[in-house]
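**Student:** First residue of the sequence shown: 381, per the working numbering; consecutive thereafter.
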Amino acid sequence: MFELFHFPGGVKPASHKQESSGTPIAKAPLPPLLVMPFRQNATGAAAIAVKAGDRVLKGQRIGSAEGAFGTPVHAPTSGMVRAIEERMLPHPSGLPSTCALIEPDGTDEWVERIPLDPFAANLAQVRERIRDAGIVGLGGAAFPSHVKTKAAIDTLIINGAECEPWITCDDRLMRERAAEIVVGARILGHLMGAKRILFGIEDNKPEAAQALRDAQGECDSGSCQVVPVPTLYPAGGEKQLIRVLTGIEIPYSKLGPDFGVQCFNVGTAYAVTRATLHGEPLVSRILTLAGNYERPGNFEVLIGTPADALLPLGAPKPDTDRIVMGGPMMGFPLPDRSVPVVKATNCLLAMSPALFPPPLPEMPCIRCGACTRVCPIILQPHELYWYAKSKNFGKTQEYHLFDCIECGCCAYVCPSRIPLVDYYRFAKAEIRAREKEKAASDRARERYDFRLYREEREKEEKAARLAARSAETKAKLANEDTAKIAAAQTRADNA
Ligand code: SF4
Ligand code: SF4
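#1: Along the chain, which unbroken stretches of the alpha helix (DSSP H) at least 4 residues long are found entirely within the stretch 807-838?
#2: Extract the residue ranges of the beta strand (DSSP E) inside the stretch 690-774, only unbroken runs of 3 or more that lie entirely within it.
#3: How would you write the range of the alpha helix (DSSP H) that E556 sits in, first residue to last?
#4: Tell me whether L475 is buried or exposed, calling it buried when 16 or more other Cβ atoms sit within 10 Å of its Cβ.
#5: Could you give the DSSP three-state label for C479: helix, strand or coil?
#6: Could you check whether the stretch 421-434 touches the stretch 689-701, counting it as contact only if at least three pairs of C-beta atoms, one from each stretch, sit closer than 8 angstroms?
#7: Taking the alpha carbon of T685 as the reference point, which residue from C790, H658, L728 and G616 has its own alpha carbon closest?
#8: Drop a sphere of 10 angstroms on the beta-carbon of F499, count the other beta-carbons inside from all chains shown, and report buried for 16 or more, exposed for fewer.
#9: What did DSSP end up calling R675 once you bin it into helix, strand or coil?
#10: Determine the closest residue to A651 out of L503, Q869, G514 and Q398, with distance taken between C-alpha atoms.
#11: Which residue wins for smallest C-alpha separation from T478, given the options C789, P720 and A809?
#12: Beta-carbon distances below 7 angstroms to any heavy atom of ligand 2 define the shell here; list its residues in chain order, please.
#13: Counting C-beta neighbours from all protein chains within 10 Å, is the total for A558 16 or more, i.e. buried, or is it exposed?
#14: Starting from the Cα of K771, find the closest Cα among S796, R805 and G564 and give me that residue.
#15: Between which two residues does the beta strand (DSSP E) carrying E582 extend?
#16: With H, G and I counted as helix, E and B as strand and the rest as coil, what does DSSP make of I464?
#17: Just checking my contact of Y613 with P393 at CB under 8 angstroms: how many whole Å lie between their CB atoms?
#18: Taking DSSP's pairing of strands, which residues face E680 in a bridge?
#19: I need the straight-line Cα distance from D822 to M460, nearest angstrom please.
#20: Using the Cα positions of L414 and I482, report the straight-line distance between them to the nearest angstrom.
#21: With contact counted as at least three CB pairs below 8 angstroms, one residue from each stretch, are the stretch 731-743 and the stretch 515-533 in contact?
#22: With distances taken Cα to Cα, identify the nearest neighbour of P715 among S400, P472 and E508.
#23: Rounded C-beta distance between F639 and G517? I'm assuming under 8 angstroms.
#24: Between which two residues does the alpha helix (DSSP H) carrying C789 extend?
#25: Is any heavy atom in ligand 1 found nearer than 8 angstroms to the beta carbon of F795?
#26: May I ask you to check if the CB of R467 is nearer than 8 angstroms to at least one heavy atom of ligand 1?
#27: At a cut-off of 8 angstroms, is I798 close to ligand 1 when judged by its beta-carbon and the heavy atoms of the ligand?
#28: DSSP state of S444, grouped into three classes?
#29: What first and last residue would you give for the alpha helix (DSSP H) that runs through P876?
#30: Would you grab the beta carbon distance between Q420 and A521 for me? Rounded to a whole angstrom, and I think it's under 8 angstroms.
#31: Contact between the stretch 556-570 and the stretch 651-660 is defined here as three or more beta-carbon pairs at a separation below 8 angstroms; is this criterion met?
#32: Going along the chain, which residues of its own chain have a beta-carbon closer than 8 angstroms to the beta-carbon of I746, five neighbours each way excluded?
#33: I'd like the span of the beta strand (DSSP E) that includes V606, first residue to last.
#34: Would you say C748 touches ligand 1, meaning its beta carbon is less than 8 angstroms from a heavy atom?
#35: Taking the straight line between their C-alpha atoms, what separation do you get for Y767 and M710?
Okay, structure coming up:
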């Protein structure tokens, strides 16, 4: 019997999984235009490696990895690069970013795919393959996976909890492609020297758990275990799942590897198998269309597909008034329906006033403490709210704002209907913007100081050169005078 632990707080919203989990994954058709952002996460944008007019093949690298945390981006299909231009991204800020606009040619012709045996190759080669395939965490954060594989750990957790209501893309992936997930888990475990692999799945997905159990023949030892965990939001949060499966409480500002544990999403494990055994970079993902649709379901979608090309597959009902990227707890409204699917897009949730009534007006905080009781990180949400609202950002940091995982549990139970997470996002964005500004002004000041130093040094060097030259001239003149005097003396002596 596997011993399970509890994480603090949590809530139990209606799961609404059955609406979209009943039908197999369908392949989304090629859209007329793909909008491929060079930036896929917060760790940086890829360097542009194509130009308008280039023909590209499916899987061809169109953006190169920059720096230790960079990941490349690849053409999702074959076709012509029509333009490189700024387009709006699916991000709460709605800010634009540079994208390649690719017109598919309809042939879906792959670049040469070179498989790599991950158990025969050396570890650095396998990490390089994961990076070159552009693999990032597909559970939402899109953090570069090759960076996470550098940890040495005892326990690898493969996260199939999928705790957010309505979303079922991981559930369908586990049901239909369990063998490749198990192989991906083995590869990741091998890279980090894990002694055991645990698949954590919420107990409302029995078919997915059974599919993974059936696929465990792919696991070469008894060290792989499928563990159903109680359905309690946010059991799929990294620290929460680690707590439930291992009992380890990861404190503020620490990460799983500090305690010998690392976590990857099931979709990421699947992508690792495709990248190594099949030589395929990450150009597609599974995405849920759920909520106010006539035909909700899961689709395999090319990264870069505009949302408005996908929504008709689910047929949004006429009263749909909002599309949210993600689930109702952590998602955010799409700034525009033309924005593309990125690697982190797991769901396009259609909302209507009937299904998701618009929030009622915000009321003052009555300090009831309900938010504190459900916070899985043991933060004090009402204090964070108060300091974020009053723009006392120093205090928000003292209260561990950046440990907030934006799960939304606090806002879910708040009787005053305060959109608490919006305040935390605002405070985080402000702090990041100020830090960026400060870093830029520090860099400018360093450049200025260096220029002054260089000018001073050049002045000194010039003065030293002039002094040396003048001393040389003086010495030369003195030598000439001495020679002249000696010659005159000689002439006088001879006369
Ligand atoms: S739940 Fe809402 S009203 Fe209650 S303390 Fe928290 S923020 Fe205030
Ligand atoms: S959103 Fe942040 S503060 Fe609110 S419950 Fe979740 S972790 Fe706690």
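Each residue gets a CB set at the ideal place from its N, CA and C atoms; glycine is no exception.
**Tutor:** So, from the data block:
#1: For the stretch 807-838, not a single whole alpha helix (DSSP H) run of length 4 or above is found.
#2: Unbroken beta strand (DSSP E) runs of no fewer than 3 residues, entirely contained in the stretch 690-774, are found at 702-705 and 727-731, following chain order.
#3: Numbered from its first residue, the sequence shown carries residue 556 at position 176. It spans C549 to E556 - the alpha helix (DSSP H) in which E556 sits, taken as one unbroken run.
#4: The residue you call residue 475 lines up with position 95 of the sequence shown. With fewer than 16 other Cβ atoms within 10 Å, it is exposed.
#5: Sequence index remark: in the sequence shown, residue 479 carries index 99 (1-based). The answer is strand: DSSP assigns C479 an E or B state.
#6: These segments do not touch.
#7: In the sequence shown, residue 685 corresponds to position 305, counting from 1. Ranked by Cα distance from T685, the first of C790, H658, L728 and G616 is L728.
#8: Numbered from its first residue, the sequence shown carries residue 499 at position 119. When all chains shown are included, F499 counts as exposed.
#9: If you number the sequence shown from 1, residue 675 lands on position 295. Here R675 carries a coil assignment [DSSP, helix/strand/coil].
#10: Here residue 651 is taken as the residue at index 271 of the sequence shown, counted from 1. Cα-wise, what sits closest to A651 is G514.
#11: On the sequence shown, residue 478 is found 98 positions in, with the first residue counted as 1. Nearest option by C-alpha distance: P720.
#12: Counting every residue whose Cβ lies closer than 7 angstroms to a heavy atom of ligand 2, we get G389, C751, V754, C755, P756, I757, L759, P761, L764, C784, I785, E786, C787, G788, C789, C790, A791, L800, V801 and Y804.
#13: As a first step, residue 558 is located in the sequence shown; it is residue number 178 there, counting from the start. When all chains shown are included, A558 counts as buried.
#14: Reading the sequence shown from its first residue, position 391 is the one you call residue 771. The candidate whose alpha carbon is nearest that of K771 is R805.
#15: To locate residue 582, count along the sequence shown from 1; it is residue 202. Here the beta strand (DSSP E) through E582 covers R576 to E582.
#16: Locating residue 464 in the sequence shown gives position 84, counting from the first residue. In the structure shown, I464 sits in a strand (DSSP, three-state: E or B).
#17: Position 233 of the sequence shown holds residue 613. Position 13 of the sequence shown holds residue 393. Between P393 and Y613 the Cβ distance is about 6 angstroms, and since that is below 8 angstroms, they are a contact.
#18: The residue you call residue 680 lines up with position 300 of the sequence shown. Residue pairing by DSSP places E680 opposite K407 and I666 in a beta bridge.
#19: Position 442 of the sequence shown, counting from 1, holds the residue named residue 822. Position 80 of the sequence shown, counting from 1, holds the residue named residue 460. Taking the straight line joining both Cα atoms gives about 42 angstroms.
#20: Residue 414 sits at position 34 when you count from the first residue of the sequence shown. Residue 482 sits at position 102 when you count from the first residue of the sequence shown. Their backbone Cα atoms lie some 5 angstroms apart in a straight line.
#21: With the cut-off at 8 angstroms, the stretch 731-743 and the stretch 515-533 do not touch.
#22: Start at 1 with the first residue of the sequence shown, and residue 715 comes out as number 335. Taking only the C-alpha atoms, the option nearest P715 is P472.
#23: The residue labelled residue 639 in the question sits at position 259 within the sequence shown. The residue labelled residue 517 in the question sits at position 137 within the sequence shown. Not a contact, Cβ separation roughly 19 angstroms.
#24: As a first step, residue 789 must be located in the sequence shown, where it is residue number 409. DSSP places C789 in the uninterrupted alpha helix (DSSP H) bounded by C789 to V793.
#25: Residue numbering aside, residue 795 sits at position 415 when the sequence shown is read from its first letter. In the sequence as displayed, the identity of residue 795 is Pro instead of Phe. Yes, Cβ of P795 sits closer than 8 angstroms to a heavy atom of ligand 1.
#26: The residue given as residue 467 occupies position 87 in the sequence shown. No, ligand 1 has no heavy atom inside 8 angstroms of this Cβ.
#27: Residue mapping note: residue 798 aligns to position 418 of the sequence shown, counting from 1. Yes, the beta carbon of I798 sits closer than 8 angstroms to at least one heavy atom of ligand 1.
#28: Here residue 444 refers to the residue found at position 64 of the sequence shown. Three-state result, S444: strand.
#29: Lying outside 381 to 875, the shown extent of the chain, residue 876 is not represented and no answer is given.
#30: Locating residue 420 in the sequence shown gives position 40, where the first residue counts as 1. Locating residue 521 in the sequence shown gives position 141, where the first residue counts as 1. Actually they are not in contact, since the Cβ atoms of Q420 and A521 sit about 11 angstroms apart, beyond 8 angstroms.
#31: Using a C-beta cut-off of 8 angstroms, the stretch 556-570 makes contact with the stretch 651-660, since at least three inter-stretch Cβ pairs fall below that distance.
#32: Residue numbering aside, residue 746 sits at position 366 when the sequence shown is read from its first letter. Around I746: P795 and S796.
#33: As a first step, residue 606 must be located in the sequence shown, where it is residue number 226. Its beta strand (DSSP E) spans residues C604 to V609.
#34: Here residue 748 refers to the residue found at position 368 of the sequence shown. Yes; taking the cut-off as 8 angstroms, the Cβ of C748 has a heavy atom of ligand 1 nearer than that.
#35: Within the sequence shown, residue 767 is the residue found at index 387, counting from 1. Within the sequence shown, residue 710 is the residue found at index 330, counting from 1. When the Cα atoms are used, Y767 and M710 turn out to be separated by approximately 21 angstroms.
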